[in-house]
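**Student:** Starting off with a structure, shown below.
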Amino acid sequence: MARKILTYPNRILMQKARPVDTINSFIHDLSRDMARLMYENRGIGLAAPQVGESLRLVTVDLSGPDNREELVTYVNPEIIWSEGEISTEEGCLSVKGYQSKVTRAEKIMIRALDLEGRQVEQEGQGLWSVCLQHEIDHLNGVLFIDHISRLKRAIYDKKLSKWLAREKE
Ligand SMILES: [Zn+2]
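Given below as structure tokens:
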């Protein structure tokens, strides 16, 4: 079955994903599929739950779909350290028609496995840091719209239910 990007309010997006225990051919195929869908939809990051697999796996390529030069896959990533504050405009391939400013840590360090099962630790700031926090949130069933004010969220939810009602007609 061909995977596709799920959108809010799909329940899988709200679940805590389980750790990857074996990096086998399923995981390699999944990560290739995620990279393909990320590029096709012009994203810079994607988490496995967004394609319907409730597993702790993310792909990131900050060079974007036009360059495709910095693809990295993180297995079971966790934030082990964070510092500062940064506020940037975020959007999400799983949240249609919406962008909003979100405040996150400016600098983080993560620990993860690569696709060969080696442990990696990486520290970064700015866009990389924001992107990784956004993707790791997905693994915990959290969307960027969970970080905005209740009022903004209520307005978005109302707009979305109108769109969904129209799609059903
Ligand atoms: Zn997202």
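If you read the sequence shown in the working numbering, its first letter stands for residue 1, the second for the next number, and so on. Even for Gly, the Cβ is constructed at its ideal location relative to N, Cα and C.
Report the CB separation of N41 from I5 in whole angstroms; it is logged as a contact under 8 angstroms.
**Tutor:** With a Cβ gap of about 6 angstroms, N41 and I5 count as contacting.
**Student:** How do the segment 126–143 and the segment 49–62 stand: do at least 3 beta-carbon pairs fall below 8 angstroms, yes or no?
**Tutor:** Touching, per the Cβ criterion.
**Student:** Please tell me whether, using a cut-off of 7 angstroms, the distance from the CB of H147 to the nearest non-hydrogen atom of ligand 1 is below it.
**Tutor:** False, no ligand heavy atom lies under 7 angstroms from that Cβ.
**Student:** At which residue ranges does the segment 126–153 contain complete alpha helix (DSSP H) runs of 4 or more residues, listed in the order of the chain?
**Tutor:** The qualifying runs are 126–139.
**Student:** Can you look up I86 in the DSSP assignment and give me helix, strand or coil?
**Tutor:** Three-state DSSP puts I86 in a strand.
**Student:** From the DSSP output, read off the bridge partner residues of R104.
**Tutor:** BP columns for R104 point to I86.
**Student:** On a CA-only basis, which of A17, G124, I27 and S63 is nearest S82? Give me that one, please.
**Tutor:** Taking only the C-alpha atoms, the option nearest S82 is G124.
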